[in-house]
Amino acid sequence: MRRLLTDSQASRHEEFKSFVKLNVEPFAEQWDREQEIPRSVISSLAQRGYLGCSLPADYGGQGSDAVTFGLLNEALGRGSSALTGVLTVQSMVSMALLKWGTAEQKRSWLPPLATGKMIGAFGLTEPGAGSDLQSLTTEFTRTSGGESLLLNGHKKWISCAQFADLFLVFGRLERRPAACLVPRNAPGLGVEPICDLMGFRAAGLAQLHFEDVEVPSENLIGKPGFALSHVAPVGLQYGRISTAWSALGLLRGCFEESIAYAAARRIGGGTVGDLGMIRSLIARMGTDLEAGSLLCHNACRAEDDHLPEAFERTLTAKYFTSKAAVRAASDAVQIRGAAGCHGSSPVSRYYRDAKIMEIIEGTTQVHEDILGKMFVARAGGPGK
Amino acid sequence: MSPEQASGIKDTVRAFILGSIAIAKLDDDDDLFGSGIVNSLFAVQLMTFIEKAFGIEVGMDDLDMENFKSLNATAAFVLRKNGHSAA
Ligand SMILES: Cc1cc2nc3c(=O)[nH]c(=O)nc-3n(C[C@H](O)[C@H](O)[C@H](O)COP(=O)(O)OP(=O)(O)OC[C@H]3O[C@@H](n4cnc5c(N)ncnc54)[C@H](O)[C@@H]3O)c2cc1C
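Here it is, written out as structure tokens:
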């Protein structure tokens, strides 16, 4: 991977990996079991400036390029997908606000998000609106004087909502898609934890219930009518970059755990790694790791160069790495036999977490649908 | 704005749209959003292309369908952002 990186990116990656080795890997299993990430761990991400990695220095962020942001997600993804989820949604909220906030909104909200004083959550999905975002029903209505908005509705599967301080919420204002910021302490906002997920168990998911939640009209982000076409996509782009690299980190975890085990575990007169069928699994894992890494770099270079291709390349990277992570995690469990089925090895957690990556930030099928259309359209075919 | 400048912008944007969306032709006044040529998935790509190609930044104040509804509207918007007053 090193040849793809500048010296500074390579050294940041080493820094991120050491942080994860020391502060994340030894504890990830416990967080998963207890379905909770200690606040002190999120604070340590914040203290290092990681939660504001992509935000400009003017707002208290690190102003890192997209590749460096990707490398941070990769390193965290090796340790804990649930913890990476905090960075994912923090970046989704921050980057949407950076692009579409007013000067005043950016001055008020970005510094606390950059420094991690505030944790953000991205409130898009509803019980009746997942892939089909046009079905959103959360309703924003203007109060009589127009100074405030009243929110009514229900959000589901919202990462970090159990502990987030600020929610970017999507809904409809006079039937047009709209987005606004809602502080956690807004009266009428109910947060109902969702427990016992299959993976991402410590990611603090919750449902949000809005009952006449009043927020100032100046909390609207972007203009009504543009929330699904312009505001959400900026957040989702960063969400996909984050998830693509996090899946790559998980894939690296599967690979490293598998080669170590294959070389050490005695079977018959040799090792597991002497078996041709096991080598096939490891060969595919190693190749997917390399291919996924190239796709992730390709996506982030396009993002850094502000190219319109960044959207397609990010979809491709997330599509590939999430699927490859599922395959690798399944093979990593297989290679370990019974030992792979127990919490004493991270691969059993990887197996559960990887599947989630095929669902968040757009499912695998939605990625196939969009990419397939884009590829066919390029030939002038009927892919519209 | 000079007609040459506007027509150069329209041709650049037209080529990008025709290369990305499965349509055979695009006229200067075709309704990009109402007709579904630009859907919610393509809107940010188109915006990013316009920002990159013409060295402008689209911000929250520019979020107005009137700025992007057609090639003619887009050309006028780009020229305005670059400091040219409407002719
Ligand atoms: C751990 C976790 C964290 C999450 N965090 C957040 C968060 O922070 N914020 C947030 O807003 N949401 C979050 N979500 C929700 C997530 O974004 C949605 O689950 C996802 O968008 C899919 O929606 P859905 O679950 O309603 O599935 P549905 O949209 O109901 O899909 C059901 C099935 O239909 C398929 N399908 C749907 N549309 C198409 C199509 N056009 N073509 C082909 N197949 C299709 C899907 O692939 C899937 O197999 C999270 C989910 C999980 C599991």
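In order, the protein sequence lines correspond to chains A and B. Quick note on numbering: the working numbering labels position 306 of the first sequence as 478, and the sequence is numbered without any gaps. Quick note on numbering: the working numbering labels position 19 of the second sequence as 50, and the sequence is numbered without any gaps. Heads up, the beta-carbon is just placed ideally off N, CA and C, and yes, glycines get one too. All figures in this text were calculated on a predicted structure; none of them were measured in a lab.
Per DSSP, THR256(A) is one residue of the alpha helix (DSSP H) stretching across 253–272. The three-state reading of DSSP puts GLY232(A) in coil, since its state is none of H, G, I, E or B. Beta-bridge partners of GLN379(A) (DSSP): GLU364(A). When secondary structure is reduced to three states using DSSP, THR488(A) falls in the helix class. About 5 Å separates the beta carbons of PHE294(A) and VAL261(A), which is inside the 8 Å limit, making them a contact pair.
Within the stretch 382–398 of chain A, ILE393, GLY394, LYS395, GLY397, PHE398 place their CB atoms closer than 9 Å to a CB of chain B, listed in sequence order. Closest option to ILE531(A), judged by alpha-carbon separation, among HIS326(A), ALA511(A), GLY411(A): GLY411(A). Taking 7 Å as the threshold, the shortest C-beta distance from THR274(A) to chain B falls below it. Between SER263(A) and chain B, the shortest Cβ-Cβ separation is not below 7 Å.
Using a Cβ-Cβ distance cut-off of 8 Å, the stretch 533–547 of chain A and the stretch 36–43 of chain B are not in contact, since fewer than three pairs of beta carbons, one from each stretch, lie closer than that value. In the structure shown, the three-state DSSP call for CYS513(A) is helix. By the Cβ-count criterion, THR488(A) is buried, with 16 or more other Cβ atoms from all chains shown falling within 10 Å of its own Cβ. For SER465(A), the number of other beta carbons within 10 angstroms of its own is at least 16, and it is reported as buried. Residues of chain B whose Cβ lies closer than 8 Å to the Cβ of VAL548(A) are, in chain order, ALA53.
Annotation for VAL213(A): no beta strand (DSSP E) segment contains it, though the alpha helix (DSSP H) segment containing it runs 211–219. THR443(A) has ARG438(A) as its beta-bridge partners, per DSSP. When C-beta atoms of the stretch 352–372 of chain A are compared with those of the stretch 230–247 of chain A, fewer than three pairs fall below 8 Å, so the two segments do not count as touching.
Between GLN506(A) and LEU461(A), the beta carbon gap of about 17 Å keeps them out of contact (Cβ cut-off 8 Å). Here ALA218(A) has THR287, GLY288 as same chain residues with Cβ atoms under 7 Å from its own Cβ, once five neighbours each way along the sequence are excluded. The alpha-carbon separation between LYS189(A) and PHE427(A) amounts to approximately 16 Å. Here the alpha carbons of ALA275(A) and GLY302(A) stand approximately 31 Å from one another. Taking 6 Å as the cut-off, one finds at least one heavy atom of ligand 1 near enough to the beta carbon of LEU296(A).
The DSSP-derived three-state label of PHE335(A) is coil.
For SER303(A), the shortest separation between its Cβ and any heavy atom of ligand 1 lies below 6 Å. Listed along chain A, the residues sitting closer than 7 Å to PHE80(B) by beta-carbon distance are PRO480. In chain order, SER71 make up the part of chain B whose C-beta sits under 7 Å from the C-beta of LEU400(A).
Between HIS469(A) and LEU176(A), the CB-CB gap stays under 7 Å. In this structure, ILE330(A) has its beta carbon less than 6 Å from a heavy atom of ligand 1. Distance from ALA497(A) to MET546(A) at the Cβ level is roughly 23 Å; contact not present, criterion being Cβ atoms closer than 8 Å. For PRO355(A), the three-state secondary structure derived from DSSP is strand. Within the DSSP secondary-structure output, PHE342(A) pairs in a beta bridge with ALA351(A). Shortest Cα-Cα distance from SER389(A) to any of LEU345(A), ALA375(A), GLY362(A) involves LEU345(A). Spatial neighbours of GLN334(A) in its own chain (CB-CB distance under 6 Å, excluding positions within 5 residues in sequence) are listed in chain order as PRO365, GLY376, ALA378.
Taken through DSSP and simplified to helix, strand or coil, ILE291(A) comes out as coil. If you draw a straight line from the Cα of ASP95(B) to the Cα of GLU206(A), it is about 48 Å long. For PHE99(B), the uninterrupted alpha helix (DSSP H) segment begins and ends at 96–99.
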